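Participant:
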């Protein structure tokens, strides 16, 4: 074929071939996205009709449709990733969010570091979860499985339509520019590269619990088996949300240079509220599974958990809030998302009201019982989430009525903290109570050693500190109470007898028990970290000269040098700061202030000396007219306990998820397949 020789005048040079290949791949990705919408609509409609009519073939169509839909969206996502990796600036999205000099990790993360690409990732995960339910839900009753996959596909279809008609990532520029405008420098960070995928896995995991809830409402059947089926999805969503929120908090801590880990920013709250509802749903589903009680409440939580995920999506993408985390987007897109929120949440709540009679509770329980403790746990988590929601949207409500209202950390800390204190106090006792009927005295007696240890820690911390707030001692008490109480509960499950036999029984306990223990311990450690940090941190802000040491909380800090360096796609002003204690060097830190020339945007890179008991955190600021440099120094006790607790909580969820009883469709074989005729 002479027309394909390299160097021909017909335009078939090596660069031209690469260009045409890029065009072909991205156009195929665009086409795959449109096909995925068609498949999603088929998966949404056909299995629902089949389930209603009892037509097996129509219901079974949901499984291959879910697989095909996932494959098509994955192909579209791969095509967009290829465009970013190869710097195809003929795509409008790549031009606005990438640059040829950007490191490869941030070229890849740039795929979801924008509105359009992140929505494609969102719908990819929706399809992935639907496909997983199709692949691993073989023991689910056929009607329920068909309805679950249809509802999940309806969610996917809505967001595919949103992407194609309002947020198309494959739009092209008529005249491709030579280079791009680069990704937001704040997003060019390892923590932010992995934070969105984990967060979306959590959000979309809650879409599966929503699909199970709506499918059960359509079917008019909520029982113990349903509780077993919905728990793994809830647990997986909660684990992913825990990891995602932890990564976001860690990024805010070391990247933004302000020294905090949580700002009660509206977008932070948007991820925190579904996490609280997911935690409540996880505990409530236990009662449905074990006692066939709290059916209505559990279904409602499943609807609200995903509803608040959609609210978070609206807040991030509507343009109604200003946040360092928010995607700049136009209000028209926000209206589309608001319509999706109204249709799915409103429709589910309407169906919930219509099916109230199908959710009659069978198991009865006393006022003092594990069921009651879990109800109290649910109330605290749900009301706490609503308190956060109120503070988040109050400024928007104020603007509607022409008033400027600011709701900051003082409101959230004062209004939300009491619910978490109560939760920490009640949790160890509730975990020790038996089902149906219990005596508090018996559980309290077993927890006396744990309570004594917690009081001892409180007294010790109170004695050590001088002239400080009660926050530190109370936090250490609550954390110790949670950890020791969880250990008491775990050991109590081994019964009585010789130590050797009890240790043997301990190793044979179900993984779910070990997971619960680990997650509760992680929660206690996080509480200790937050309270210890807030109570005992030191902050110093000053202008200092080179080689002029100053003292901060027993440490001697010296700014030794300031110089400029060239990074891969930025220039940086870097400092050498020596930290010493009692004349001995503890660390030499190198804080930076970077400038990304493409966007002409500065970023602050804090330098941190991490330790088990404390962090030393330094930030270099701007040079001063009168000489010297602005420097911020923080001594932050127990900071790493916060993220260690998050990791331990997530690990606890993973341990529980590995329990064979929590796998998808565990126990489903006990439920007959409803005699669906083979048609």
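In the numbering used here, the protein residues as written are 23 to 701. We treat Cβ as the ideally placed atom computed from N, Cα and C, and that holds for glycine. If you're wondering where the values come from, they're calculated on a predicted model, not measured in any experiment.
1) Rounded to whole angstroms, how far is the Cβ of residue 10 from the Cβ of residue 107, which I believe are closer than 8 Å?
2) Cutting at 8 Å between CB atoms, please list the residues of its own chain near residue 549, excluding the five before and the five after it.
3) Give me the Cα-Cα distance between residue 252 and residue 305, rounded to the nearest whole angstrom.
4) For residue 36, which of helix, strand or coil comes out of DSSP?
5) Please determine, among 452, 632, 249, 286, the residue with the shortest C-alpha to C-alpha distance to residue 311.
6) Would you decide whether residue 605 is buried or exposed? Buried here means 16 or more other CB atoms lie within 10 Å of its CB.
7) From residue 55 to residue 134, what does the alpha carbon distance come to, in whole angstroms?
8) Tell me, please, which residues DSSP counts as bridged to residue 563.
9) Does the count of Cβ pairs from the segment 428-439 and the segment 350-367 closer than 8 Å reach three?
10) For a quick check, are the C-beta atoms of residue 263 and residue 219 less than 8 Å apart?
11) How big is the Cα-Cα spacing for residue 88 and residue 105?
12) Would you check if the segment 279-286 and the segment 204-223 touch, i.e. whether three or more CB-CB distances between them fall below 8 Å?
13) Helix, strand or coil, according to DSSP, for residue 606 in the structure here?
14) So, helix, strand or coil for residue 629, using DSSP?
15) Extract the residue ranges of the alpha helix (DSSP H) inside the segment 418-487, only unbroken runs of 4 or more that lie entirely within it.
16) Judging by CA-CA distance, which residue of 649, 625, 621, 662 is the nearest neighbour of residue 637?
17) Throw me the rounded Cβ distance for the residue 451 and residue 472 pair, which I believe falls under 8 Å.
18) Where does residue 664 land, buried or exposed, given buried means 16+ other C-beta within 10 angstroms?
19) Starting from residue 535 and walking both ways along the alpha helix (DSSP H), at which residues does that stretch end?
20) Considering Cα atoms alone, identify which of 674, 507, 402 is closest to residue 474.
21) Which residues share a DSSP beta bridge with residue 597?
22) What are the start and end residues of the beta strand (DSSP E) that includes residue 573?
23) Can you give me the Cβ contacts of residue 265 inside the same chain, cut-off strictly under 7 Å, excluding the 5 residues immediately before and after it?
24) May I ask which residues mark the beginning and end of the alpha helix (DSSP H) holding residue 495?
25) Are there three or more Cβ pairs, one per stretch, closer than 8 Å when the segment 159-179 is compared with the segment 230-237?
26) What residue from 401, 35, 516 has the CA that sits closest to residue 531's CA?
27) Between the Cα of residue 203 and those of 238, 623, 650, spot the shortest distance and give me the residue it belongs to.
28) Alpha carbon to alpha carbon, how far is residue 254 from residue 242? Give it in angstroms, no decimals.
29) Check this for me: beta carbons of residue 321 and residue 396, under 8 Å apart or not?
30) Thinking C-beta only, is residue 483 closer than 8 Å to residue 438?
31) Looking at residue 440: is its Cβ nearer than 8 Å to the Cβ of residue 555?
32) Is residue 523 buried or exposed, if buried means 16 or more other CB atoms sit within 10 Å of its CB?
33) What first and last residue would you give for the alpha helix (DSSP H) that runs through residue 117?
34) State buried or exposed for residue 619, treating a residue as buried only when at least 16 other CB atoms are found within 10 Å of its CB.
35) Between residue 313 and residue 393, how many whole angstroms is the CB-CB distance? I'm expecting something under 8 Å.
36) Rounded to whole angstroms, what is the Cα-Cα separation between residue 120 and residue 53?
Facilitator: Checking against the coordinates, here is how it stands:
1) No information on residue 10 is available, as it lies outside the stretch 23 to 701 that the chain covers here.
2) Taking the first residue of the chain shown as position 1, residue 549 is located at position 527. Only 442, 446, 497, 500, 501, 504, 667 meet the Cβ criterion.
3) In the chain shown, residue 252 corresponds to position 230, counting from 1. In the chain shown, residue 305 corresponds to position 283, counting from 1. Using only the alpha carbons, I get a separation of about 12 Å.
4) Residue 36 sits at position 14 when you count from the first residue of the chain shown. Helix.
5) Start at 1 with the first residue of the chain shown, and residue 311 comes out as number 289. Among 452, 632, 249, 286, the Cα nearest to that of residue 311 is on 249.
6) The residue you call residue 605 lines up with position 583 of the chain shown. Its Cβ having fewer than 16 others within 10 Å, residue 605 is exposed.
7) As a working mapping, residue 55 is identified with position 33 in the chain shown. As a working mapping, residue 134 is identified with position 112 in the chain shown. Going by the C-alpha atoms only, they are around 16 Å apart.
8) Within the chain shown, residue 563 is the residue found at index 541, counting from 1. Paired residues: 654.
9) no
10) Along the chain shown, read from residue 1 onward, the residue named residue 263 stands at position 241. Along the chain shown, read from residue 1 onward, the residue named residue 219 stands at position 197. Not a contact, by the Cβ cut-off of 8 Å.
11) Walking along the chain shown from the start, residue 88 turns up at place 66. Walking along the chain shown from the start, residue 105 turns up at place 83. Those two C-alpha atoms are separated by around 26 Å.
12) no
13) Numbered from its first residue, the chain shown carries residue 606 at position 584. Strand.
14) If you number the chain shown from 1, residue 629 lands on position 607. DSSP, reduced to helix, strand and coil, places residue 629 within a strand of the structure shown.
15) For the alpha helix (DSSP H) assignment, the uninterrupted runs of no fewer than 4 residues enclosed by the segment 418-487 are, from N- to C-terminal side, 431-454, 462-468, 470-486.
16) Residue 637 sits at position 615 when you count from the first residue of the chain shown. Of the listed residues, the one whose Cα sits closest to residue 637 is 662.
17) Along the chain shown, read from residue 1 onward, the residue named residue 451 stands at position 429. Along the chain shown, read from residue 1 onward, the residue named residue 472 stands at position 450. Between residue 472 and residue 451 the Cβ distance is about 10 Å, and since that is not below 8 Å, they are no contact.
18) Here residue 664 corresponds to residue number 642 of the chain shown, with the count starting at 1. Residue 664 comes out buried.
19) The residue labelled residue 535 in the question sits at position 513 within the chain shown. It spans 533-558 - the alpha helix (DSSP H) in which residue 535 sits, taken as one unbroken run.
20) For the purposes of this step, residue 474 is identified with residue 452 of the chain shown, where counting begins at 1. Selected option, being the one with the closest Cα: 507.
21) Locating residue 597 in the chain shown gives position 575, counting from the first residue. According to DSSP, which records beta bridges pairwise, residue 597 is partnered with 584.
22) Indexing the chain shown from 1 puts residue 573 at position 551. Here the beta strand (DSSP E) through residue 573 covers 572-574.
23) Translated into the one-based positions of the chain shown, residue 265 becomes position 243. Correct list, in chain order: 220, 672.
24) Mapped onto the chain shown, residue 495 falls at position 473. For residue 495, the enclosing alpha helix (DSSP H) covers residues 493-514.
25) yes
26) Stepping through the chain shown from its first residue, residue 531 is reached at position 509. Residue 531 has its Cα closest to that of 516, out of 401, 35, 516.
27) The residue labelled residue 203 in the question sits at position 181 within the chain shown. Of 238, 623, 650, the residue nearest in Cα terms is 623.
28) To locate residue 242, count along the chain shown from 1; it is residue 220. To locate residue 254, count along the chain shown from 1; it is residue 232. Looking at the two C-alpha atoms, the distance is approximately 21 Å.
29) By 1-based counting over the chain shown, the position of residue 321 is 299. By 1-based counting over the chain shown, the position of residue 396 is 374. Not closer than 8 Å, so no.
30) Within the chain shown, residue 438 is the residue found at index 416, counting from 1. Within the chain shown, residue 483 is the residue found at index 461, counting from 1. Contact: no.
31) On the chain shown, residue 440 is found 418 positions in, with the first residue counted as 1. On the chain shown, residue 555 is found 533 positions in, with the first residue counted as 1. The answer is no: Cβ separation not under 8 Å.
32) Residue 523 sits at position 501 when you count from the first residue of the chain shown. Burial call: exposed.
33) Mapped onto the chain shown, residue 117 falls at position 95. Where residue 117 is concerned, the enclosing alpha helix (DSSP H) stretches over 114-119.
34) The residue you call residue 619 lines up with position 597 of the chain shown. The residue is exposed, with fewer than 16 neighbouring Cβ atoms inside 10 Å.
35) Sequence index remark: in the chain shown, residue 313 carries index 291 (1-based). Sequence index remark: in the chain shown, residue 393 carries index 371 (1-based). Rounded, the Cβ-Cβ distance is 6 Å, consistent with contact.
36) For the purposes of this step, residue 120 is taken as the residue at position 98 of the chain shown. For the purposes of this step, residue 53 is taken as the residue at position 31 of the chain shown. In a straight line, the C-alpha of residue 120 is about 23 Å away from that of residue 53.
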